[in-house]
Amino acid sequence: MTTGIDLLAPGTTITLTDGTTLPLVYSFRGLALIEARFGSVAAVQNAITADGAAFGPLIEIIGAGAVGSGQFEPWIREHQDAKGVRHVTEIVYKRRDGRQLGDLLHPGRLDEYTTAFTRAFEQAMKSAEGNGEAATVGRAVETVTASLGTSATTSPSVPSTFSPGISGT
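Following my numbering, the numbering of the sequence shown begins with 957 at its first residue and continues without gaps.
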């Protein structure tokens, strides 16, 4: 008798603006992408519920479920700080046709998206025996309600191969 995370749970499905459906399945790879960007799954949930921008974190958490279903691939943008530590600043999820996930989500469907990824998380975290008990993975998945707080604008990202010139020249 073994228990664990059911990574092949069928997740839930959302409809994109082009009419295609996207199943959300949270695999270890998808969860690792969330951790690389936010530090933990709980941190991304906090980013969505906190007073602040909800759309960016939602794209990334939905994208992580899209990677698990094999429909989108992550394109990671990172930077290196003065101490040489690399930080993931954004993950852009692209489909094979080049369309970005963020362009295929509709702001008016915010409630649908939060409900869908919450259910998909719950399904992924159930034990392998299907008895409904959540696996122990840090803390329980909470139902998240998106908050449309203040937002900020950022400058465009540069590729990770960018090498800035020496300052003062």
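Glycine is no exception: its CB is placed at the ideal position from the N, C-alpha and C atoms.
{"Query": "Going by the CB atoms, is the gap between V1023 and P1013 shorter than 8 Å?", "Result": "no"}
{"Query": "Could you compute how far the alpha carbon of K1050 sits from the alpha carbon of D1059?", "Result": "10 Å"}
{"Query": "Suppose contacts are defined by Cβ-Cβ distances below 8 Å. Is F1073 in contact with I1017 by that definition?", "Result": "yes"}
{"Query": "Along the chain, where does the beta strand (DSSP E) that runs through Y897 open and close?", "Result": "Absent from the model: residue 897. The displayed extent of the chain is 957 to 1125, so no value can be given."}
{"Query": "Please list the segments of the beta strand (DSSP E) lying wholly inside the segment 1012 to 1071, counting only runs of 3 or more residues, in order along the chain.", "Result": "1029 to 1036, 1042 to 1050"}
{"Query": "To the nearest whole angstrom, what separates the beta carbons of E1068 and I970, a pair I think is in contact under 8 Å?", "Result": "6 Å"}
{"Query": "Take L972 as the anchor and find which of V1041, L1066, F984 has the nearest alpha-carbon.", "Result": "L1066"}
{"Query": "Closest to G975 by C-alpha separation, out of S983, L1057, A1020, V1041, would be which residue?", "Result": "L1057"}
{"Query": "Look at A1020 and I990 and say whether their C-beta atoms are less than 8 Å apart.", "Result": "yes"}
{"Query": "Helix, strand or coil, according to DSSP, for T971 in the structure here?", "Result": "strand"}
{"Query": "Do T977 and A1076 have their C-beta atoms within less than 8 Å of each other?", "Result": "no"}
{"Query": "Measuring only the C-alpha atoms, how far is H1035 from V981?", "Result": "28 Å"}
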